[in-house]
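Q: Let me give you the structure first, and then I'll get to my questions.
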């Protein structure tokens with residue numbers, strides 16, 4: 206029971222015996238209490254609980270005095286420990302708060318369509334050199350150039366590279382803004398599937414969705430250099446896998462009979478969409494042409510290129526400069 210004040214089992218047994226039966230020699234203690242380790246007697250003497258007396262007999266100090274002194278010392282030590290613990294706890298909270306603020310500066314959670322749209326505009330408005338983007342085929346939380354920040358960034362010389370998921374071409378009206386973007390010197394490639402939506406500005410700031418929900422979207426704005434580097438590498442790998450969509454000089458789609466001469470702008474757009482992996486019906490829908498018109502134009506292009514297959518047509522189209 207006295208372990209709380211530092212006594213071991215042997216010391217407590219010896220002290221209890223001396224209190225109950227009076228002074229005793231070491232031999233008497235051994236006979237009555239069992240072997241008494243030298244360390245136990247030394248401990249009792251150091252605590253002021255036992256003192257050697259005449260005739261090599263050991264005498265117990267009065268418990269009311271000796272134990273109370275030890276307990277008072279323990280209480281004081283506990284109070285000091287409590288104060289130290291409180292000080293350390295406050296120091297830990299302050300340090301954690303500083304770290305949390307630093308972490309919030311590195312990674313910010315943004316919730317809601319309006320907030321995410323605002324962050325996208327900020328990324329584009331703050332970009333000085335380059336903006337990289339991965340675009341999926343799902344409904345976009347932020348429509349293309351909704352705020353005009355994209356056009357403003359292009360005007361001041363920010364280079365855009367975009368990788369588009371192929372199924373995005375199945376969305377009605379998807380082709381027109383893509384051709385307009387390429388006319389503004391933006392580079393666009395198409396791949397079967399992109400790993401995630403992503404925007405990286407100047408390789409120093411990234412925005413990536415945290416959820417797939419379009420009703421209640423959540424995104425991360427990332428400033429942590431290591432994470433931004435990871436996202437940049439992810440973009441570059443996807444960019445290498447993707448196929449160039451190509452670009453044309455006009456934003457007007459010509460609808461009419463198949464011309465007899467060289468490929469016109471509509472032919473070039475058909476080729477660009479085909480080379481991105483779009484099907485004939487998807488090409489027809491994107492360019493507001495009939496399916497048979499698209500297929501007639503493709504057949505004529507194969508004749509012009511002297512191609513027996515569409516693979517040969519694609520190679521000849523690049524070779525002859527019909528697409529970039």
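Numbering (this note's numbering), first residue to last: 206 to 529. Built from N, CA and C at the ideal position, the CB exists for glycine as well.
(1) At which residues does the alpha helix (DSSP H) containing residue 521 begin and terminate?
(2) Rank 514, 384, 356, 279 by C-alpha distance to the C-alpha of residue 473 and give the top, closest one.
(3) Note down, one range per segment and in chain order, each alpha helix (DSSP H) of at least 4 residues found wholly within the region 274-361.
(4) What does a CB cutoff of less than 8 Å around residue 461 pick up in its chain, not counting 5 residues either side in sequence?
(5) Use the C-beta contact count for residue 503: other C-beta atoms within 10 angstroms, 16 or more gives buried, fewer gives exposed.
(6) I need the straight-line Cα distance from residue 219 to residue 234, nearest angstrom please.
(7) Based on Cα-Cα distance, which residue from 479, 341, 217 lies nearest to residue 239?
(8) How many whole angstroms separate the CB atoms of residue 488 and residue 478, which I take to be in contact at a CB cut-off of 8 Å?
(9) Whole angstroms are fine: how far does the CA of residue 366 sit from the CA of residue 459?
(10) If I measure Cβ to Cβ from residue 342 and keep anything under 6 Å in the same chain, skipping five residues before and after, which residues do I get?
(11) So, do the region 326-341 and the region 387-407 have three or more beta carbon pairs nearer to each other than 8 Å?
(12) What is the DSSP secondary structure of residue 244, reduced to helix, strand or coil?
(13) Which residue comes first and which comes last in the alpha helix (DSSP H) that contains residue 502?
(14) Count Cβ pairs between the region 291-300 and the region 240-248 that sit closer than 8 Å; are there 3 or more?
(15) Let's test the definition: count the other Cβ atoms within 10 Å of the Cβ of residue 232 and tell me whether it reaches 16, buried, or not, exposed.
(16) Would you mind giving the Cβ-Cβ distance between residue 407 and residue 334, rounded to the nearest angstrom? I have them listed as a contact below 8 Å.
(17) Specify the secondary structure class of residue 392 as computed by DSSP and reduced to three states.
(18) Excluding the 5 residues flanking residue 464 on each side, which residues of the same chain have their C-beta closer than 6 Å to its C-beta?
(19) Do residue 329 and residue 354 have their C-beta atoms closer together than 8 Å?
(20) Helix, strand or coil, according to DSSP, for residue 422 in the structure here?
(21) Quick check on the DSSP output: the beta strand (DSSP E) that includes residue 406 runs from which residue to which?
(22) Closest by CA to residue 448, which one among 312, 519, 273?
(23) Where does residue 445 sit, in a helix, a strand or coil, going by DSSP?
A: Let's see:
(1) Residue 521 sits at position 316 when you count from the first residue of the chain shown. The continuous alpha helix (DSSP H) containing residue 521 extends over residues 515-524.
(2) One-based indexing of the chain shown puts residue 473 at position 268. Cα-wise, what sits closest to residue 473 is 384.
(3) The qualifying runs are 318-331, 354-360.
(4) For the purposes of this step, residue 461 is taken as residue 256 along the chain shown, with counting starting at 1. Model confidence at residue 461 stands at a pLDDT of 37, short of 50, so the residue's coordinates are unreliable and nothing is read from them.
(5) Here residue 503 refers to the residue found at position 298 of the chain shown. Buried is the call here.
(6) Here residue 219 refers to the residue found at position 14 when the chain shown is read from its first residue. Here residue 234 refers to the residue found at position 29 when the chain shown is read from its first residue. Put simply, the backbone Cα of residue 219 is about 7 Å away from that of residue 234.
(7) For this step, residue 239 is matched to residue 34 along the chain shown. The residue with the shortest Cα to Cα distance from residue 239 is 217.
(8) Along the chain shown, read from residue 1 onward, the residue named residue 488 stands at position 283. Along the chain shown, read from residue 1 onward, the residue named residue 478 stands at position 273. Sure, about 5 Å apart at Cβ, within 8 Å.
(9) As a first step, residue 459 must be located in the chain shown, where it is residue number 254. As a first step, residue 366 must be located in the chain shown, where it is residue number 161. Note that residue 459 scores 33 on pLDDT, short of 50, meaning its location in the model is unreliable and no value can be drawn from it.
(10) For the purposes of this step, residue 342 is taken as the residue at position 137 of the chain shown. If the five residues before and after residue 342 are omitted, its C-beta is found closer than 6 Å to the C-beta atoms of 370, 372, 373, all from its own chain and listed in chain order.
(11) Yes, since at least three Cβ pairs between the region 326-341 and the region 387-407 fall closer than 8 Å, the two stretches touch.
(12) The count along the chain shown starts at 1 and reaches residue 244 at position 39. Note: residue 244 maps to helix in three-state DSSP.
(13) In the chain shown, the residue the question calls residue 502 occupies position 297. Boundaries of the alpha helix (DSSP H) around residue 502: 496-510.
(14) At 8 Å Cβ cutoff, the stretches do not touch.
(15) Your numbering for residue 232 matches position 27 in the chain shown. Flag for residue 232 reads exposed.
(16) If you number the chain shown from 1, residue 407 lands on position 202. If you number the chain shown from 1, residue 334 lands on position 129. The C-beta separation of residue 407 from residue 334 comes to about 5 Å, placing the pair in contact by the 8 Å criterion.
(17) The residue you call residue 392 lines up with position 187 of the chain shown. Strand, per DSSP.
(18) On the chain shown, residue 464 is found 259 positions in, with the first residue counted as 1. Residue placement at residue 464 cannot be trusted, given a pLDDT of 43 that sits under 50; what the coordinates show is reported in the next sentence. Short of 6 Å from the beta carbon of residue 464, and not among the five residues preceding or following it, lies no beta carbon of its own chain.
(19) By one-based count along the chain shown, residue 329 stands at place 124. By one-based count along the chain shown, residue 354 stands at place 149. Yes, the Cβ-Cβ distance between residue 329 and residue 354 is below 8 Å.
(20) If you number the chain shown from 1, residue 422 lands on position 217. The answer is coil: DSSP assigns residue 422 none of H, G, I, E or B.
(21) Taking the first residue of the chain shown as 1, we reach residue 406 at position 201. It spans 403-406 - the beta strand (DSSP E) in which residue 406 sits, taken as one unbroken run.
(22) Taking the chain shown and counting its residues from 1, the one referred to as residue 448 is at position 243. Cα-wise, what sits closest to residue 448 is 519.
(23) As a first step, residue 445 is located in the chain shown; it is residue number 240 there, counting from the start. Note: residue 445 maps to helix in three-state DSSP.
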